[in-house]
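Notes to accompany the following structure.
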Amino acid sequence: MSSTSTPVLVAVAWPYASGSRHLGHLAGAYLPADVFARHQRLKGNEVLMVSGSDVHGTPITVRADAEGVTPQDIVDRYHGEIVRQWGELAISWDLYTTTGTENHAQVTQEMFLAQLENGYIDKRTSDQYFDTEAQRFLPDRYIEGTCPHCAYGEARGDQCDNCGKTLDATELINPRSKITGASPELRSTEHFYFRYSDFNERLREFLQAKQGWRPHVLNFAMGWIEEGLHDRAITRDLDWGIELPVDDLGPGKRIYVWYDAVIGYLSASKEWAQSQDDDERWKHWWENDESRHVYFVGKDNIPFHCLFWPAQLMGAGELHLPDDVPANQYVTFKGGKASASRGVGLTVQEGLDLFQPDGLRYALAANFPEQSDTDISIEEIARRINEELVATWGNLVNRVLSMIAKNYGEQPASNGRSAEDEAILARVDELLAAADGQLGRVELRAALRFAMDAAGEVNAYLNATEPWKLAKTDPERAGVVLATALDAINGVRVGFGPYLPFSSALLDDILGAVEGWQRVPVAPGTPIAKPTPLFVKVDVDEILGEDSDDESA
0 MSSTSTPVLV AVAWPYASGS RHLGHLAGAY LPADVFARHQ RLKGNEVLMV SGSDVHGTPI
60 TVRADAEGVT PQDIVDRYHG EIVRQWGELA ISWDLYTTTG TENHAQVTQE MFLAQLENGY
120 IDKRTSDQYF DTEAQRFLPD RYIEGTCPHC AYGEARGDQC DNCGKTLDAT ELINPRSKIT
180 GASPELRSTE HFYFRYSDFN ERLREFLQAK QGWRPHVLNF AMGWIEEGLH DRAITRDLDW
240 GIELPVDDLG PGKRIYVWYD AVIGYLSASK EWAQSQDDDE RWKHWWENDE SRHVYFVGKD
300 NIPFHCLFWP AQLMGAGELH LPDDVPANQY VTFKGGKASA SRGVGLTVQE GLDLFQPDGL
360 RYALAANFPE QSDTDISIEE IARRINEELV ATWGNLVNRV LSMIAKNYGE QPASNGRSAE
420 DEAILARVDE LLAAADGQLG RVELRAALRF AMDAAGEVNA YLNATEPWKL AKTDPERAGV
480 VLATALDAIN GVRVGFGPYL PFSSALLDDI LGAVEGWQRV PVAPGTPIAK PTPLFVKVDV
540 DEILGEDSDD ESA
C-alpha cells in the first residue's frame, strides 16, 4: 500500500440466519457495501470489509420452535445458503463470519465487563410479558400486537415492520403470545441495562459534527436525541445466545442480540487479524484516528448504528466511532416493504435464478433506495438490463471489439487524432473523475449513471464517426477512430468495475487488469479476438408468462 492510503472499515449489517434473504436486503446493504469497497480498493486504500450471519436473534428460535428443530439447525441451513449466494454475486468480503464463534462471544463478554466496570451497565427489575400457558417469558419476536404509533396489527415486540419504530413489548396494544396465541401477563424479572441516557449529550455532539451525512439518517438520529435516549435492557430470558460473563441473574438469561450483533464489527475485525497471523492488526482500523469507518445498513438500523453502537464504543474505551452511516431507505415490491419474515418480494435466490449476476447487480444498483423508498419488479430489472446494460454498454463493447478483430486483429495505432477524438477521451476522463467523487461520498446510484452516460457518449462518437464506413474508404482513419473508442472503453470499464465484477473480469482477460481509478490507453498491438457478448438480453415474457401484471415481483 502507498504511504497515503487510508484504512477503511466497510462494516455491513448482519443478516439473521433465520430465512432466505430478499432483494431488498441485497440492494439495501450488501451490494452498496461491495460497490463502495471495490472502489476504495481501486483507490489504493486498505479496505477491511466485514460482516457475518447473526445467529442469536429471536427470529431463529421462533422458527426453530415452529419447525420442531434446534436453533442450530436453522442457523446451519440459512448461513450456508447466504454464504453460497454471496459467492454467486461476488460480494468481496475480507471476512464473513457468524456471531456464533468463540471469538465473538469473548469480545462481547469483554466489552460487557468493561462497560460494567465503567459504570454504564447496571442491574434492574422490570415487568416483562409472561405466557402462563407456555410457562415462559416472551422476549421480542415471541410477542405480537398492535403498534402504538401506526396501529399496525402485527407489530413485533421489538420493532414495527410497518412504520419502522423500535418498540418495547410492553408498549404493544392487545399483545398476544406467538407460542400459544394467549394474552400474556406482566411479571417481574431481573435484567442488566445499558445506561444509554448517560450518552445523550455526547451523542448529540457526535451527530452535530456529521453534517455531511444523508439528511434522513441525521434527522432520524437527532430526533431520538431530542426525545432523550432511554436505558435499555441488554439481557433476555432465553437459553439461546451469548452467556453472561457474570452470574448475578442466575440461569436462563442471555445477552440481548441487538447488543451483541453490533459488537460483531469489532469481533470480526479481530477474527480477520487472527487469520492473518497478526493478532494486533485490527488496531490499524479501530485505534487509528486516520481510519474511516462506513456502516452499510437499512434505515430500520439507523438508531443501532448512529446511537446505540457509538454509545457502546464510548462506554468501552477509546475505539473509533462511525464516520458515516449511509443507511438506505426501503426497497418495495408492488408498493409494499420487502420483508423476509412476511414473505414479501423476490428472494436473492429467485433473483439469481432469473438473471445473470451482473445484470441483477446493475439493475439493483441503478435503483438503490438512497434517498427514498424504491419499487422493484421483474419488469424493472429486465428493463434496466435490456435497455441500458445490453443496449448501451454491452453493445458498445461488442461492436468496437468486433470491428477491431475483423479489420485489424489488434489495437490499431492512434497517431493523428482529431479534436473530436481527443474530446471523447477527455469527456470519459471527466465523467470518471465525477464518478470517483460520488463513490467516495457513497452516492453510488449517481456514479453508476455517470458510467452509463459515458458509455452512451462513446456510442454517440461512434455513430458520428462511422468507422464501419471508414474501414472501406480510409482504413487508417478507421483505425484511429476504433483505437480511440477502445481507449475510451478502457476508461468507462473502470467506472463500471465496482458494479459489474463478472463482465469486468472478462474485459480484464482482453485488455488487462484495471489497476487504479484512471483510464489507461490500450497499447497498440494488443491482440483483439472476436468477442462474445458480455450480457444476455432478458425475455421478460418468458419469465412472466402471459399475465405479467399478476407475476411481477
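In numbering that gives the first Met the number 0, the protein residues as written are 0 to 552.
Beta carbons: idealized from backbone N, C-alpha and C, even for Gly.
Same chain, Cβ closer than 7 Å to residue i, five either side skipped, listed in chain order
i, result
"V389", "F534, K536"
"W257", "F303"
"G251", "D236, D238"
"K42", "W516"
"L505", "L533"
"E112", "In the sequence on display, residue 112 carries Leu and not Glu. Cβ within range, chain order: P244."
"R476", "L469"
"D549", "Any reading at D549 needs caution, since the residue's pLDDT is 40, under 50, leaving its predicted position unreliable; the model's value is listed next. Contacts found: none."
Bridge-paired residues (DSSP) for residue i
i, result
"A10", "V49, Y294"
"D361", "According to the sequence as given, residue 361 is Tyr; it is not Asp. Y361 is not bridged to any residue."
"V330", "T373"
"S176", "I142"
"D323", "V293"
"Q348", "Looking at the DSSP assignment, Q348 forms no beta bridge with any residue, so it has no partner."
"A154", "G144"
"I301", "Answer is none; I301 lacks a bridge partner."
"I254", "T234"
8 Å CB neighbourhood of residue i in its chain, flanking five on each side removed
i, result
"E170", "P147"
"P368", "A26, G27, N327, Q328, Y329, V330"
"M110", "I262, L265, Q311, A315"
"H78", "A16, S52, V54, T97"
"K122", "E189, H190, F191, Y192, D247, L248"
"L461", "L395, R398, V399, V480, A484"
"N287", "P6, H319"
"L351", "Q84, E87, L88, L359"
Straight-line gap, residue i to residue j (C-alpha atoms, nearest Å)
i, j, result
"A453", "R492", "10 Å"
"A522", "Y329", "45 Å"
"T483", "N44", "30 Å"
"I509", "E541", "33 Å"
"D259", "I527", "53 Å"
"I301", "V324", "8 Å"
"Y95", "S50", "5 Å"
"I233", "W285", "24 Å"
"E317", "W308", "13 Å"
"A36", "R444", "15 Å"
"V9", "V441", "12 Å"
"Q108", "L306", "20 Å"
"P174", "R140", "11 Å"
"T57", "A89", "29 Å"
"D230", "D197", "8 Å"
"I59", "D167", "19 Å"
"V427", "H215", "32 Å"
"E87", "P520", "32 Å"
"T373", "S19", "21 Å"
"E226", "N366", "33 Å"
"A364", "R135", "45 Å"
"K177", "V61", "8 Å"
"A487", "R518", "8 Å"
"I403", "P70", "58 Å"
"W13", "D507", "32 Å"
"S551", "E387", "At S551 the pLDDT is 33, less than 50, meaning the model places this residue with poor confidence and gives no usable figure here."
"A133", "T179", "7 Å"
"R416", "I384", "34 Å"
"N199", "D157", "21 Å"
"A433", "G494", "10 Å"
"S371", "S413", "46 Å"
"E289", "P321", "12 Å"
Sequence-distant residues of its chain with Cβ nearer than 6 Å to residue i (five each side left out)
i, result
"L555", "A question about residue 555 goes unanswered here, because the residues of the chain that appear run from 0 up to 552."
"F295", "V11, A28, P31, A32"
"G163", "D299"
"V7", "Q39, N44, V46, R291"
"K333", "none"
"P500", "A89"
"F449", "L430, A433, A434"
Any non-hydrogen atom of the ligand ADP closer than 7 Å to residue i Cβ
i, result
"E465", "Looking for the ligand ADP in the displayed structure turns up nothing, as the structure carries no ligands at all."
is_contact[residue i, chain B] using C-beta, thresh 8 Å
i, result
"R194", "In the displayed structure, chain B is absent; only one protein chain is listed."
Could you say if the stretch 112 to 130 and the stretch 180 to 188 meet the contact criterion of at least three C-beta pairs nearer than 8 Å?
Output reads yes: the stretch 180 to 188 touches the stretch 112 to 130.
Is the stretch 102 to 109 touching the stretch 266 to 275, taking contact as three or more C-beta pairs under 8 Å?
Between the stretch 102 to 109 and the stretch 266 to 275, the count of Cβ pairs shorter than 8 Å is three or higher; the stretches touch.
Kindly provide the ranges of any alpha helix (DSSP H) runs that are 4 or more residues long and lie completely inside the stretch 89 to 147, ordered along the chain.
Counting whole runs of 4 or more residues, the stretch 89 to 147 contains the alpha helix (DSSP H) stretches 101 to 116.
I want to know whether the stretch 207 to 215 touches the stretch 140 to 154 - three or more CB-CB distances under 8 Å.
Of all C-beta pairs linking the stretch 207 to 215 to the stretch 140 to 154, fewer than three are shorter than 8 Å, placing the two stretches out of contact.
List in chain order: all unbroken beta strand (DSSP E) runs of 3+ residues lying wholly within the stretch 478 to 550.
List check, beta strand (DSSP E) in window: nothing returned.
Alpha helix (DSSP H) runs wholly inside the stretch 199 to 238, at least 4 long, in chain order
Runs of the alpha helix (DSSP H) lying entirely within the stretch 199 to 238 and spanning at least 4 residues, in chain order: 199 to 207, 214 to 226.
Which runs of the alpha helix (DSSP H) at least 4 residues long sit entirely within the stretch 256 to 284? Give them in chain order.
Within the stretch 256 to 284, the complete alpha helix (DSSP H) segments of 4 residues or longer fall at 256 to 274, listed in chain order.
Report the residue ranges of all alpha helix (DSSP H) runs contained in full by the stretch 24 to 80; include only those spanning at least 4 residues, in chain order.
DSSP runs (the alpha helix (DSSP H)) wholly in the stretch 24 to 80: 30 to 41, 57 to 66.
Runs of alpha helix (DSSP H) wholly within the stretch 387 to 467 (minimum 4 residues, chain order):
Whole alpha helix (DSSP H) segments, 4+ residues: 394 to 406, 418 to 439, 443 to 464.
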